[in-house]
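Protein chains in written order, with the numbering used here: chain P, 1 to 245; chain X, 1001 to 1245; chain D, 2001 to 2245; chain A, 3001 to 3245; chain S, 4001 to 4245; chain R, 5001 to 5245.
Where a beta carbon is used, it is the ideal one built from N, C-alpha and C, also for glycine.
Reviewing the structure listed below.
6 protein chains.
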Amino acid sequence: MSRIDGRTAEQLRPVTIERGWSKHAEGSVLVSFGDTKVLCTASVTEGVPRWRKGSGEGWVTAEYAMLPRATNTRGDRESVKGRIGGRTHEISRLIGRSLRSVVDYKALGENTVVLDCDVLQADGGTRTAAITGAYVALADAITWAQGRKLIRAGRKPLTGTVSAVSVGIVAGVPLLDLCYEEDVRADTDMNVVCTGDGRFVEVQGTAEAEPFARDELNALLDLATAGCTDLAALQNKALAATLTD
Amino acid sequence: MSRIDGRTAEQLRPVTIERGWSKHAEGSVLVSFGDTKVLCTASVTEGVPRWRKGSGEGWVTAEYAMLPRATNTRGDRESVKGRIGGRTHEISRLIGRSLRSVVDYKALGENTVVLDCDVLQADGGTRTAAITGAYVALADAITWAQGRKLIRAGRKPLTGTVSAVSVGIVAGVPLLDLCYEEDVRADTDMNVVCTGDGRFVEVQGTAEAEPFARDELNALLDLATAGCTDLAALQNKALAATLTD
Amino acid sequence: MSRIDGRTAEQLRPVTIERGWSKHAEGSVLVSFGDTKVLCTASVTEGVPRWRKGSGEGWVTAEYAMLPRATNTRGDRESVKGRIGGRTHEISRLIGRSLRSVVDYKALGENTVVLDCDVLQADGGTRTAAITGAYVALADAITWAQGRKLIRAGRKPLTGTVSAVSVGIVAGVPLLDLCYEEDVRADTDMNVVCTGDGRFVEVQGTAEAEPFARDELNALLDLATAGCTDLAALQNKALAATLTD
Amino acid sequence: MSRIDGRTAEQLRPVTIERGWSKHAEGSVLVSFGDTKVLCTASVTEGVPRWRKGSGEGWVTAEYAMLPRATNTRGDRESVKGRIGGRTHEISRLIGRSLRSVVDYKALGENTVVLDCDVLQADGGTRTAAITGAYVALADAITWAQGRKLIRAGRKPLTGTVSAVSVGIVAGVPLLDLCYEEDVRADTDMNVVCTGDGRFVEVQGTAEAEPFARDELNALLDLATAGCTDLAALQNKALAATLTD
Amino acid sequence: MSRIDGRTAEQLRPVTIERGWSKHAEGSVLVSFGDTKVLCTASVTEGVPRWRKGSGEGWVTAEYAMLPRATNTRGDRESVKGRIGGRTHEISRLIGRSLRSVVDYKALGENTVVLDCDVLQADGGTRTAAITGAYVALADAITWAQGRKLIRAGRKPLTGTVSAVSVGIVAGVPLLDLCYEEDVRADTDMNVVCTGDGRFVEVQGTAEAEPFARDELNALLDLATAGCTDLAALQNKALAATLTD
Amino acid sequence: MSRIDGRTAEQLRPVTIERGWSKHAEGSVLVSFGDTKVLCTASVTEGVPRWRKGSGEGWVTAEYAMLPRATNTRGDRESVKGRIGGRTHEISRLIGRSLRSVVDYKALGENTVVLDCDVLQADGGTRTAAITGAYVALADAITWAQGRKLIRAGRKPLTGTVSAVSVGIVAGVPLLDLCYEEDVRADTDMNVVCTGDGRFVEVQGTAEAEPFARDELNALLDLATAGCTDLAALQNKALAATLTD
């Protein structure tokens, strides 16, 4: 049985990772998972938040947002509403935690990197695309900081790579990397964040319709692990290319 | 090796479920998991939010909050700050989703139940205690609504029971139901929400310090499943008692 | 003529003052005036707000809030609404002023005590119960601070005791300590805060329905003064007991 | 002993009540108590808030604010801060309650009057000047509404007059109508709102420095009652003049 | 063809500039353009915002607001709404820029002047009246600061005078200084801010109904330039009078 | 004398107008003026705001925002700050007014179009690029609405075209379409919005440093008018191409 867009169950959508998208940011990536497009910028500043000053350690944080018409129906701007919604908060926190899992704060030194992940177009999997793209932007920002001697010579602030993918059970079948139409029909939806060496950073599974059994969970984890391995390869390939400014 | 408080790795803290705590609410429970104490009230109102009117279906939602001095150090009130923090949002959403997983909206009819989970004292596991207590408050509120004929005779709005527990890996050892001191030392922290029949509603695992491997994940899921089974038994026992007003 | 709950006009509801309710707070009291239950915690921190630094004087402040289902009908959370209502502000300010009236800032030294008064269940007189309970929590917090040498030996930061009670004219009869049902039927409602030696700290009388004459005011003040004397005795008795941690 | 500005203890400051100040408002008064100047406008709209619709009864409410430089030192605008402070809330509520005490809602019919009291210059007693001036603006607005037939012929929405004054104990002496310099030096500060027939609508006494005894309270109430009688005469005199538009 | 109020097309409304209106502010002006009345106060404080510290230069800023019943229909308070509207922001920024155009920051030294322009009554042209009045308040505040030696002897912080006027095309005819009724009927509306020597500080023209041609723009600029010349003369005349405190 | 980027004084930067950028929006354009890139989406909904219901007329409005790292230094998100800044408000209002100047509300019928202009990368002239791009997105959205029969056959909601450009005086020389580096050095900065037939919709000139004379204003208006003519041609050319979905 093939999927809406002709993929097999264990196949990612076409993934593109366009580095150096912005002329201003220290790292910037336009990542796409199919029709989902997220602009990830990494902003480096010397110094750390007050509660961390003098520790010799750096900090990495993230903010996620959607443009109002990234989705099929226009959503109100959170700036106009005057507050950030629960979903936005939750995803921003997830992205931050995911990236911090591969950062050595000591090696980073007292520098802060802010990852901004703005969804320009949404078609499911915006948070996983954001994590996958933000890692590449972070890597470029760290290279930039090393070039500027903000980071001491020989120090490696990144301890590994990190990527993320969604999986879910649709009509009884476990599927990798759900697009929006699959996502709304899923009984179970899971977002998995893995390091490049195949370990888990985050596992967030939700029974959207029907509670799920242990063997279903296992099938989803298998799919996700394989998907993240593929994404890690794409990240490495993107980073291997020379970035011309 | 015994734990800080003398428990074995697979042992819950002493759990108490005190029904009928409030004279006003349609359902109310003071739940404690050791020193963690959460007041859960269920408020029933006829009618549903606007987007659901005329559907014949009900709605269940939840709000979580901490008293400012529930914790070791006083936290600023979110009402004074003028905004709800990301963590509060995230937990409120988790509690709501967890309870909705065992609700049959059609059977509930166009009624709304709001679960308020206010942490009076925190010692780790506040969200899992909240879910476990809120289920009991919800059950009482539904019984109340049935008595008032707000729900049609013969309808069963609850399709099962739901409870939750935290698990984590501390110093390499998987432990059930972490208290605060264990929680801060955990490498991996996972909250698991299960139905009474042993299926998963939510699985949220986070590598606090070190990414975790598949076998560690499996060990944590085993612990959590067993813990939720114990909690379901405690919920049923509490609900079996006669509630004298 | 006896009252709804069988009391005489000049009788308080059953009052309980449970010290040491919280394991975290430096002082904590669960106070009840009949079915009104307020959790009062006192949090001590070294240092004072910026505008007071270097003065050698301490500071005491208070925050009052209600749980959403403390009342018969659920109220929206002020944290969710994003602003604190006028009533909350007004009562927080009243509690703070009342407690400061018995504090010697010089003796307290540059320490701050925050009193949090959270209404768990409301049945009239929440602000007066809060003041009465908060005084006891404050006294315990100061004892704690003396034990930690935050306060210099021999200094007595408390210059007296303070308690509060509501009075009102219901169907032409002046009554002490109104419960909710009496409160809504009162023509005149007054909250009186007294020191243990019978002097006034606050007198706040409001004509809810009908302006009141001088002799009615006098009758209410007589009732309130006697009620506060009783409350002061209960506070002293509670504080005389040994607090086992 | 004479006061800072040469008055006797029981003397009001020069009071002016200038009606018809605004060309837009249905009632408008620029009231001054010495150097305290408050612009009070009364805005009439047909209809009432939702919770009162269909009751046949009207509504009266008030909002109080200070211009940023009404005081000796510039204060930040509450609109810029994005929230109204506790003091503003408290005074707005006091003014609203005070005016409602002389309103017959049935006679008013389903009309709403909003009293805006904006302090243009402050020198103590801004809330009492606001109440005193707002009453006159309200009276003019009701006359306007009667002329427009918004109020049924023969109905009298005002059941009496209302005015307010501050009193306090300064250096042991009870004084009427405190100016700012006296106010900051007062041990006890009381605001009293009276009807024209000498009954009390609000009595709000606060021990700023030292708790006060019953006889001090009595002396203050005597002073305030006499002061309100004088203010009622001034209100009546102002309203007796013909208002040329 | 004469206008609603009998003026010719190129005639200002009666303009009054009342200095020394407030006893507290360092400079204060009640300015009226016909029925438009704006209270402008200038508050001087030593020191500058953080981003300007150590520069040796001063700062001038402005805030504009309307009383709720300054207009024909009552508007909600921005403090109550919890946010400042776009129009308020825009006008505050315009006033600030206009006044800064005639300030020599070096001569002002590290002092800040805040201009508060509160519209007490509105009848069109509130922003232009505010700029015209605020200049005079600023001039008085600077004189005050010179008297206090906050500004070094011989320094002249004001490099010129500034005033503003509205112009518009109503029924095909270019008119100076529109009142509210003309303003709502205008096809094109322009606010022009000029220095006393006839140069432009701001030109803000908007096609309210119909785009306008170059020759219409020229006619409006001619009118505005002449109007500002008249206003500059009135400002100078007002400032020439002795200000008795 | 040539400019920083080699242009002549009266030359636009390279302008690109990419239609159909978004798969969701009814009209969408990625517009660039040199390195300034703005994503403009037009969202069509049936119905109009409440105040316009039943009028038979439509509504067009706009919201402008910048991504946090669109600029050289990262700016805080307005959604996180909880309020929209004055500059954002002002530009959103300008864009809305500009587009409404070419809309026939009657022909549009009771439909609403919201233009979202999100700056992805900023290098001066973001508001003028936004207006120029938003017009094209609006045109596409109207074509879409005509195809869906939301607009009656034969009706033409657009009465003309509209575009915008910045001009300024840098080092004494009037220049067209300032890039960021020129903008910060400009003595005078003007944004001009023109219809395709050469009339003015908005003229907003500001003396950033030095007030400007009438002949300078004339030179700037000449430059801007010519620039807008060029932009109108580019808009028409872009719209003449077939949009393949």
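Boundaries (first-last residue) of the beta strand (DSSP E) holding residue i
{"i": "glutamate 1018 of chain X", "result": "1015-1019"}
{"i": "leucine 2012 of chain D", "result": "Element bounds for leucine 2012 of chain D: n/a, residue is neither H nor E."}
{"i": "aspartate 4189 of chain S", "result": "4186-4195"}
{"i": "alanine 3209 of chain A", "result": "Unbroken run through alanine 3209 of chain A: none, as it is neither H nor E."}
Same chain, Cβ closer than 8 Å to residue i, neighbours up to 5 away in sequence not counted
{"i": "leucine 12 of chain P", "result": "Phe33, Val165, Leu176, Asp177, Gly227, Asp230, Leu231"}
{"i": "valine 48 of chain P", "result": "Ser55, Glu57, Gly58, Trp59, Glu110, Asn111, Thr112"}
Neighbourhood of residue i by C-beta distance below 7 Å, restricted to the same chain and skipping five residues each side
{"i": "alanine 5238 of chain R", "result": "Ile5017, Arg5019, Val5136"}
{"i": "leucine 4217 of chain S", "result": "Gly4205"}
{"i": "arginine 52 of chain P", "result": "Trp59"}
Best match in the options for proximity to residue i [C-alpha to C-alpha]
{"i": "alanine 129 of chain P", "options": "P/Ala107, P/Ile91, P/Arg7", "result": "P/Ile91"}
{"i": "alanine 5209 of chain R", "options": "S/Val4102, S/Ala4219, S/Ala4207", "result": "S/Val4102"}
{"i": "alanine 1207 of chain X", "options": "P/Gly125, P/Arg52, P/Ile84, P/Val193", "result": "P/Val193"}
{"i": "threonine 5061 of chain R", "options": "R/Val5044, R/Thr5071, R/Gly5075", "result": "R/Val5044"}
{"i": "aspartate 1123 of chain X", "options": "X/Arg1214, X/Cys1179, X/Lys1106", "result": "X/Cys1179"}
{"i": "valine 2201 of chain D", "options": "D/Lys2023, D/Leu2221, D/Arg2052", "result": "D/Leu2221"}
{"i": "serine 3163 of chain A", "options": "A/Lys3149, A/Asn3191, A/His3024", "result": "A/Asn3191"}
{"i": "valine 184 of chain P", "options": "P/Asp197, P/Ile169, P/Gly198, P/Thr195", "result": "P/Ile169"}
{"i": "glutamate 4046 of chain S", "options": "S/Gly4096, S/Ala4145, S/Asn4236, S/Met4066", "result": "S/Ala4145"}
{"i": "valine 4038 of chain S", "options": "S/Arg4052, S/Arg4050, S/Trp4021", "result": "S/Trp4021"}
{"i": "arginine 127 of chain P", "options": "P/Leu150, P/Ala240, P/Arg93", "result": "P/Arg93"}
{"i": "serine 4028 of chain S", "options": "A/Met3066, A/Arg3050, A/Val3031, A/Ala3070", "result": "A/Ala3070"}
{"i": "threonine 88 of chain P", "options": "R/Ile5084, R/Thr5036, R/Val5080", "result": "R/Val5080"}
Residue-chain proximity (residue i, chain C), Cβ-Cβ < 8 Å
{"i": "aspartate 2177 of chain D", "result": "This model lacks chain C altogether; the protein chains it does include are P, X, D, A, S and R."}
Cutoff 6 Å; reference residue i; Cβ partners in own chain excluding five residues on either side
{"i": "aspartate 4309 of chain S", "result": "This structure cannot speak to residue 4309 of chain S, because chain S is shown only from 4001 to 4245."}
{"i": "leucine 3108 of chain A", "result": "Gly3058, Pro3157"}
{"i": "threonine 5075 of chain R", "result": "A small fix is needed here, since residue 5075 of chain R is glycine in this sequence, not threonine. Within the same chain, glycine 5075 of chain R has close Cβ partners Pro5068."}
{"i": "valine 5167 of chain R", "result": "Leu5176, Met5190, Leu5220, Leu5223, Ala5224"}
Boundaries of the alpha helix (DSSP H) in which residue i is found, first to last residue
{"i": "alanine 4122 of chain S", "result": "Premise fails: alanine 4122 of chain S is in no alpha helix (DSSP H) and is neither H nor E."}
{"i": "glutamate 3057 of chain A", "result": "Element bounds for glutamate 3057 of chain A: n/a, residue is neither H nor E."}
{"i": "glycine 5096 of chain R", "result": "5086-5100"}
{"i": "cysteine 1228 of chain X", "result": "1214-1240"}
{"i": "isoleucine 5169 of chain R", "result": "No alpha helix (DSSP H) contains isoleucine 5169 of chain R, which is instead part of the beta strand (DSSP E) from 5162-5170."}
{"i": "lysine 5106 of chain R", "result": "5105-5108"}
{"i": "valine 136 of chain P", "result": "126-147"}
{"i": "valine 5080 of chain R", "result": "5078-5081"}
Neighbour-count burial assignment, residue i, 16 or more Cβ in a 10 Å radius
{"i": "leucine 243 of chain P", "result": "exposed"}
{"i": "arginine 3318 of chain A", "result": "There is simply no residue 3318 of chain A to check, as chain A begins at 3001 and stops at 3245 in what is shown."}
{"i": "arginine 2100 of chain D", "result": "buried"}
{"i": "glutamate 3026 of chain A", "result": "buried"}
{"i": "aspartate 3197 of chain A", "result": "exposed"}
{"i": "glutamate 1182 of chain X", "result": "buried"}
- Item | Contact list for the segment 5057-5076 of chain R against chain P, Cβ threshold 9 Å | Glu5063, Ala5065, Leu5067, Pro5068, Arg5069, Ala5070, Thr5071, Asn5072, Thr5073, Arg5074
- What are the residues of the segment 4114-4143 of chain S that lie near chain A, defined by any Cβ-Cβ distance shorter than 9 Å? Val4114, Asp4116, Asp4118, Leu4120, Gln4121, Ala4122, Asp4123
- Positions along the segment 5180-5203 of chain R whose CB lies within less than 8 Å of some CB in chain P: none
- Item | chain A contacts from the segment 2088-2099 of chain D (Cβ-Cβ distance under 8 Å) | His2089, Glu2090, Ser2092, Arg2093, Arg2097
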